[in-house]
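Asks: One structure is given below, represented as structure tokens, and several questions about it will come after.
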Amino acid sequence: MREIQASDITETVSRLCKEANFMLGEDVYAAIESGIAREESPIGREILGELLENAQIARTERVPMCQDTGFAVVFLEIGQDVHIAGGYLEDAVNAGVAQGYDEGFLRKSIVCHPLDRVNTGDNTPAVIHTKMVPGEKIRIVVAPKGGGSENMSAVRMLKPSDGMDGVADFVLETVKKAGPNPCPPIIVGVGMGGTMEIAAFLAKKSLLREVGSRNRNPEDAELESKLLHMINKTGIGPAGLGGRVTALAVNIEAYPCHIASLPVAVNIQCHAARHREAVL
Amino acid sequence: MTEIIKIETPLSDEDARSLRAGDRIYLSGVIYTGRDAAHKRLTGLLQEGRPLPIDIEGQVIYYVGPAPASAGRVIGSAGPTTSGRMDAYAPALIALGLKGMVGKGVRSDAVKDAMREYGAVYFGATGGAGALLARRIKSCRVVAYEDLGPEAIHRLEVVDFPLVVVNDSAGGDLYRDAVEVYGRM
Numbered sequence: 001m002r003e004i005q006a007s008d009i010t011e012t013v014s015r016l017c018k019e020a021n022f023m024l025g026e027d028v029y030a031a032i033e034s035g036i037a038r039e040e041s042p043i044g045r046e047i048l049g050e051l052l053e054n055a056q057i058a059r060t061e062r063v064p065m066c067q068d069t070g071f072a073v074v075f076l077e078i079g080q081d082v083h084i085a086g087g088y089l090e091d092a093v094n095a096g097v098a099q100g101y102d103e104g105f106l107r108k109s110i111v112c113h114p115l116d117r118v119n120t121g122d123n124t125p126a127v128i129h130t131k132m133v134p135g136e137k138i139r140i141v142v143a144p145k146g147g148g149s150e151n152m153s154a155v156r157m158l159k160p161s162d163g164m165d166g167v168a169d170f171v172l173e174t175v176k177k178a179g180p181n182p183c184p185p186i187i188v189g190v191g192m193g194g195t196m197e198i199a200a201f202l203a204k205k206s207l208l209r210e211v212g213s214r215n216r217n218p219e220d221a222e223l224e225s226k227l228l229h230m231i232n233k234t235g236i237g238p239a240g241l242g243g244r245v246t247a248l249a250v251n252i253e254a255y256p257c258h259i260a261s262l263p264v265a266v267n268i269q270c271h272a273a274r275h276r277e278a279v280l
Numbered sequence: 001m002t003e004i005i006k007i008e009t010p011l012s013d014e015d016a017r018s019l020r021a022g023d024r025i026y027l028s029g030v031i032y033t034g035r036d037a038a039h040k041r042l043t044g045l046l047q048e049g050r051p052l053p054i055d056i057e058g059q060v061i062y063y064v065g066p067a068p069a070s071a072g073r074v075i076g077s078a079g080p081t082t083s084g085r086m087d088a089y090a091p092a093l094i095a096l097g098l099k100g101m102v103g104k105g106v107r108s109d110a111v112k113d114a115m116r117e118y119g120a121v122y123f124g125a126t127g128g129a130g131a132l133l134a135r136r137i138k139s140c141r142v143v144a145y146e147d148l149g150p151e152a153i154h155r156l157e158v159v160d161f162p163l164v165v166v167n168d169s170a171g172g173d174l175y176r177d178a179v180e181v182y183g184r185m
């Protein structure tokens, strides 16, 4: 049994909130750079160049790359031989979010109730996904998620007979419907299988994968490539102003499902695919 | 590269009607921020027949909820939010003389119709480039609804704020044209 202080969790979450918002991942940066090389649209190339310049400013001046500094989505993998001392886990995470958003001059974008819509003032509560794993460490991933791209996401319960073509049609339909709204170039997270909420969870989790990585299942990896190709033929382009680079990646994650079901979720992510992690 | 047209606020009817989808713009002068919650309040005032906290005539509204300014800065990151959420409120403001809107993403037919009828223009700013765009903002102060935090109405002074005309007052639509050109190739 190893003891980890709740205050260490708070400090770590606070730091990760700031880093995630200030520092665009190297994988995304490289994907945009290679996008400039193949973008046919002149304004599309300009937009991609602006996103790189924006990322450099954010990183060097420690300001958020986007004013929408997101809903703090926090993934926790907790070793089952860990004892958390000095406080309750969720309180420790939320205190870290409040501290990070305050210290980092990040925007507070969370309202108390979907209909009353009064701002909570400190960007809490976080969305927390907790998984118990073997061992005596805690892995923390902070993934601030912007509202503009989240709003373009969708879940649909397909029929098993819809198969791979049905999944591809739904993903493409969702991306086309989103058009310029989610600030393309986008990263498309796809969750297949499980129940309705697991499909949505997998779609979100797939966004944590490195841009350019492939699903380990060769068939799913092939579907990722096929979908990326189809999405980049829509013509939506950077900022929706026309072009080839509509998406930087399609990441699929799958899970077993019921004999009657084929749940599919599409989680759209803008280029600011923010996620930073630490292990305690 | 297309020539960049420099314009200053407030916009006249002629300014707004002369711009065409695809035009590249550097906008300078005073603009106002406003997003969901502020628009809801403005519309509430209009429905009650009460005056608005800002004079909307000839003005440009930037759909943005800026990040807070850290020490020594005018404003935090300040890129556009998705304009479609303001579609329910925009036609009434356009009818009152609003000449420009800055945001990202598609507008409804009702908004485009109002733009044609009253002569207004919808500009796109680069979504996701909030740190870069903030450099063109020279002053910022809250002029209404401070309790809304990032959703308050801020008065911004901008210099050469980079925009592209997405929808013009003659029915031009850059998003539609873009997909027609690049979606076919």
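Chains as they are written, first to last, in the working numbering: chain A, 1 to 280; chain B, 1 to 185. Using N, Cα and C, we set each Cβ at its ideal position, and we do this for glycine too.
1) For chain A, check one thing: does any of its Cβ atoms lie closer than 8 angstroms to the Cβ of Y145/B?
2) Please state whether DSSP places P144/A in a helix, a strand or coil.
3) If you count every other CB in all the chains shown that lies within 10 Å of the CB of P180/A, and 16 or more means buried, which is it?
4) Considering only DSSP beta bridges, list what F201/A is partnered with.
5) Would G70/A and K145/A qualify as a contact pair, given that the criterion is a beta-carbon distance under 8 angstroms?
6) Mind reading off the beta-carbon distance from I268/A to S153/A? Whole number of angstroms is fine, and I expect it under 8 angstroms.
7) Identify the continuous alpha helix (DSSP H) that holds P91/B and give its terminal residues.
8) Are E146/B and D36/B closer than 8 angstroms when you measure CB to CB?
9) Does E50/A come within less than 8 angstroms of chain B when only Cβ atoms are used?
10) Assign L45/B to one of two classes, buried (16 or more other C-beta atoms within 10 Å of its C-beta) or exposed (fewer than that).
11) Taking any Cβ of chain B, which residues in the region 236-248 of chain A have a Cβ under 8 angstroms from it, in chain order?
12) Does the distance from the CB of A38/B to the CB of V121/B come in under 8 angstroms?
13) Given that Q346/A touches chain B, what residues does it touch there, using C-beta distances under 7 angstroms?
14) If you draw a straight line from the C-alpha of P182/A to the C-alpha of S7/A, how long is it?
15) Beta-carbon separation of A265/A and A178/A under 8 angstroms?
16) Does DSSP classify H258/A as helix, strand or coil?
17) Is the shortest distance between the beta-carbon of V188/A and the beta-carbons of chain B less than 8 angstroms?
18) Roughly how many angstroms lie between the CA atoms of V106/B and N251/A, to the nearest whole one?
19) Using a Cβ-Cβ cut-off of less than 7 angstroms, list which residues of the region 90-117 of chain B approach chain A; keep chain order.
20) Would you call S213/A buried or exposed, if buried means 16 or more other Cβ atoms sit within 10 Å of its Cβ?
21) Given a cut-off of 8 angstroms on the beta-carbon distance, is the pair V143/B and I75/B in contact?
22) In terms of residues, what are the limits of the beta strand (DSSP E) holding P218/A?
23) Identify whether F75/A lies in helix, strand or coil by the three-state DSSP scheme.
24) Can you look up S108/B in the DSSP assignment and give me helix, strand or coil?
25) Let me see if you follow: with CB-CB separation under 8 angstroms, is N94/A close to chain B or not?
26) Quick check for students: name the residue ranges of the beta strand (DSSP E) that lie wholly in the region 133-175 of chain B, counting only runs of 3 or more.
27) Between the Cα of I284/A and the Cα atoms of A239/A, I259/A, Y255/A, A249/A, which residue gives the shortest distance?
28) What are the complete beta strand (DSSP E) segments, minimum 3 residues, inside the region 52-117 of chain A?
29) So if I threshold CB-CB distances at 9 angstroms, which residues from the region 257-278 of chain A count as touching chain B?
30) Could you name the residues of chain A that V142/B contacts, counting a contact when the two beta carbons are closer than 8 angstroms?
31) The beta strand (DSSP E) that contains L16/A, what's its start and end?
32) Indicate the three-state DSSP secondary structure (helix, strand or coil) for A265/A in the structure shown.
33) Leaving aside the five residues before and after A168/A along the sequence, list all residues of the same chain whose C-beta is less than 8 angstroms from its C-beta, in chain order.
34) Determine which residues share a DSSP beta bridge with G243/A and list them.
35) Between A131/B, V30/B, I4/B, which has its C-alpha nearest G22/B's C-alpha?
36) Between K233/A, E253/A, G189/A, which has its C-alpha nearest A273/A's C-alpha?
Replies: Taking the coordinates as given:
1) Not closer than 8 angstroms to any Cβ of chain A, the Cβ of Y145/B fails to qualify, so no.
2) DSSP places P144/A within a strand segment (E or B) once states are collapsed to three.
3) That one is buried.
4) Answer is none; F201/A lacks a bridge partner.
5) Contact check for G70/A against K145/A passes: the beta carbons are separated by less than 8 angstroms.
6) Between S153/A and I268/A the Cβ distance is about 5 angstroms, and since that is below 8 angstroms, they are a contact.
7) Here the alpha helix (DSSP H) through P91/B covers 90-95.
8) The answer is no: Cβ separation not under 8 angstroms.
9) A Cβ of chain B is located within less than 8 angstroms of the beta carbon of E50/A.
10) That one is exposed.
11) Correct list: I236, G237, A239, G240, L241, G242, G243, R244.
12) Result no, Cβ atoms of A38/B and V121/B do not sit closer than 8 angstroms.
13) The question about residue 346/A has no answer, for chain A in this structure spans 1 to 280.
14) About 36 angstroms.
15) The Cβ-Cβ distance between A265/A and A178/A does not fall below 8 angstroms.
16) DSSP, reduced to helix, strand and coil, places H258/A outside both helices and strands of the structure shown, so it counts as coil.
17) No, no contact with chain B.
18) So the alpha carbons of these two residues sit roughly 26 angstroms apart.
19) Sequence-ordered contacts of the region 90-117 of chain B with chain A read K104, G105, V106 [C-beta pairs closer than 7 angstroms].
20) Classification for S213/A: exposed.
21) Taking 8 angstroms as the cut-off, the Cβ atoms of V143/B and I75/B do not count as close.
22) Membership of P218/A in any beta strand (DSSP E) is not indicated; the residue belongs instead to the alpha helix (DSSP H) covering 218-231.
23) Three-state DSSP puts F75/A in a strand.
24) Residue state, collapsed to three classes: coil.
25) Proximity of N94/A to chain B, defined by a Cβ-Cβ separation below 8 angstroms, is not satisfied.
26) Qualifying beta strand (DSSP E) stretches, in chain order: 137-144, 153-167.
27) Lying before the first or after the last residue shown, residue 284/A is absent from chain A, which here runs from 1 to 280.
28) Listed in chain order, they are 71-79, 82-85.
29) Of all residues in the region 257-278 of chain A, C270, H271, A272 have a Cβ within less than 9 angstroms of some Cβ in chain B.
30) The premise fails here: V142/B is roughly 14 angstroms from chain A at the closest Cβ pair, so nothing lies under 8 angstroms.
31) Looking at the DSSP string, L16/A is not in any beta strand (DSSP E); the run it does join, the alpha helix (DSSP H), is 6-22.
32) If DSSP states are grouped into helix, strand and coil, A265/A belongs with the strands.
33) The answer, listed in chain order, is L223, K226, L227, M230.
34) Partner(s): none; G243/A has no beta bridge.
35) For G22/B, the nearest C-alpha among the options comes from I4/B.
36) Across the set K233/A, E253/A, G189/A, the C-alpha of G189/A shows the shortest separation from the C-alpha of A273/A.
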